[in-house]
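**Student:** First, the structure itself, so that you have it in front of you.
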Amino acid sequence: MAKLGFHGHNDRGRGVSNAELAFLFGIRHIQGTINGYGERCGNTDLCTLIPNLYFDYRAACLMNGKLERLTDLSRMTAEFVNAHHRSNHPWVGHLAGHTEAGMHASGEGRDPGSYLHADLTLIGNRDSYGVSEQSGRSNIFAKAKELGFELSAEEIAKVTDLHNRRLAEGYSYAAADASLHLLIMEALGLDHSGAAFTLEGWHVDTNRDGANLFTEATIRASLDNVYAHEVGSGDGPVDALNSALRKVLDRFYPELPKWKLSDYKVRIVNPQAATAAKVRVLIETSDKQETWTTVGVHENIIEASWIALVQSVAYAIHRNGKA
């Protein structure tokens, strides 16, 4: 009798479900790709299929502890192919174990598994808690603990108060863990600037040369009476500011690992204000070990971007123990 195998594509969004059906019919040779990368709409996504088969049918597709490396494999592969890793990717995404509403976070904390479908640590991922307009103190407590803070009731009250004031200004920390980390430090009276150096000011200039736009940014900074005046160019104001800021950091902190801006999002906070509306900027930054997101809010889009950019640097400096 011939042995059958299965090679699926995702043209109708059924790559994983068809592969599971093939497994249930006895097929044991199933092909797919990491993150579902492939022609057209992609192939069967092994990073979804493998956990599904393990948790639902106890099929050990990966042996000897390799299952817990699946999340790292997924994210590393995205880095290799220069693709954005989906935060909502089933099982391996940053938001795969994310709970945000206060009741959900409280329930999950009291009875693990009551809201989340599986223990994501078994595949190398982790649960996470978000804070937003819906968040109560239970969310703040859970999120702070996730970020490494053990808070007393009094400290939770301080963090909640500052968080609510920032929400009123247009901030949202639901997808900005790094900025939330700095906010908690600020509420506790800790140094949250991350920058032992002082940023004196910045200037951005955009010019047109024929059909081409050219953007240049200048940053002035100082550290222990040593002054830096750096210029960077880029495809736009944020790219140019990042280039100049990177030169400042190379001068003051040459040992810091290199990172890159991996995503940039802009949203109008109060569209009813028309041209005077505030904008909220989210900047995602990545290096070889971690991805972190920061937020900035201002009426001026460049200033909002600058706030998020500086917070990204502050978090990186804190994380590397340089502050």
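In this text, residue positions in the sequence shown follow this note's numbering: the first is 948, and each later residue adds one. We put the CB at the ideal spot given by N, CA and C, even for glycine. All of these numbers come straight from a predicted model, not from anything done at the bench.
Give the secondary structure of residue 978 by DSSP, where H, G and I count as helix, E and B as strand, and everything else as coil.
**Tutor:** strand
**Student:** Rounded to whole angstroms, what is the Cα-Cα separation between residue 1159 and residue 1187?
**Tutor:** 15 Å
**Student:** Please report the Cβ distance between residue 1234 and residue 1205, rounded to the nearest whole angstrom; I am assuming they are in contact, meaning their Cβ atoms lie under 8 Å.
**Tutor:** 7 Å
**Student:** Evaluate residue 1172 with the Cβ neighbour count: other Cβ atoms within 10 Å of its Cβ, from every protein chain shown; 16 or more gives buried, anything less gives exposed.
**Tutor:** exposed
**Student:** Can you give me the C-alpha to C-alpha distance between residue 1124 and residue 1045, rounded to a whole angstrom?
**Tutor:** 12 Å
**Student:** Looking at the ligand ZN, does it come within less than 7 Å of residue 1117, judged from the CB to the closest heavy atom?
**Tutor:** Looking at this structure, you won't find the ligand ZN or any other ligand, since it has none at all.
**Student:** Return the first residue and the last residue of the alpha helix (DSSP H) that residue 1160 is part of.
**Tutor:** No alpha helix (DSSP H) contains residue 1160, which is instead part of the beta strand (DSSP E) from 1159-1170.
**Student:** Take residue 950 as the anchor and find which of 958, 956, 964, 972 has the nearest alpha-carbon.
**Tutor:** The candidate whose alpha carbon is nearest that of residue 950 is 972.
**Student:** Following the continuous alpha helix (DSSP H) through residue 1109, name the residue where it begins and the one where it ends.
**Tutor:** 1100-1115
**Student:** Which residues does DSSP list as the beta-bridge partners of residue 1177?
**Tutor:** 1166
**Student:** Keeping to the same chain, check which residues put their C-beta closer than 7 Å to that of residue 1073; ignore five residues upstream and five downstream.
**Tutor:** Short of 7 Å from the beta carbon of residue 1073, and not among the five residues preceding or following it, lie these beta carbons of its own chain, in chain order: 1044, 1067.
**Student:** Taking 8 Å as the threshold (beta carbon to beta carbon), is residue 949 in contact with chain B?
**Tutor:** Judged by its chain identifiers, the structure shown contains no chain B, having just a single protein chain.
**Student:** In the DSSP assignment, the alpha helix (DSSP H) including residue 1189 goes from what residue to what residue?
**Tutor:** 1184-1199
**Student:** Have a look at residue 969 and residue 1000 and give me their C-alpha separation to the nearest angstrom.
**Tutor:** 11 Å
**Student:** Applying the criterion that 16 or more other CB atoms from any shown protein chain within 10 Å of the CB defines a buried residue, is residue 1161 buried or exposed?
**Tutor:** exposed
**Student:** Please name the residue, chosen from 1133, 1019, 955, that lies closest to residue 1096 on a Cα-to-Cα basis.
**Tutor:** 1133
**Student:** For residue 984, which three-state DSSP category applies?
**Tutor:** coil
**Student:** Identify whether residue 1038 lies in helix, strand or coil by the three-state DSSP scheme.
**Tutor:** coil
**Student:** Taking the continuous beta strand (DSSP E) assigned at residue 1226, which residues delimit it?
**Tutor:** 1226-1233
**Student:** By a C-beta neighbour count over all protein chains shown, 10 Å radius and 16 as the cutoff for buried, is residue 1262 buried or exposed?
**Tutor:** buried
**Student:** Can you tell me the Cα-Cα spacing of residue 1258 and residue 978, whole angstroms?
**Tutor:** Computed Cα separation, rounded: 43 Å.
**Student:** What is the DSSP secondary structure of residue 1253, reduced to helix, strand or coil?
**Tutor:** helix
**Student:** Which of the three DSSP states is assigned to residue 962 in this structure?
**Tutor:** Note: residue 962 maps to helix in three-state DSSP.
**Student:** Determine the extent of the beta strand (DSSP E) in which residue 953 is found, giving its start and end residues.
**Tutor:** 952-954
**Student:** From the DSSP output, which residues share a beta bridge with residue 888?
**Tutor:** Limits of the chain in this structure are 948 at one end and 1270 at the other, which puts residue 888 out of reach.
**Student:** At which residues does the beta strand (DSSP E) containing residue 1290 begin and terminate?
**Tutor:** The question about residue 1290 has no answer, for the chain in this structure spans 948 to 1270.
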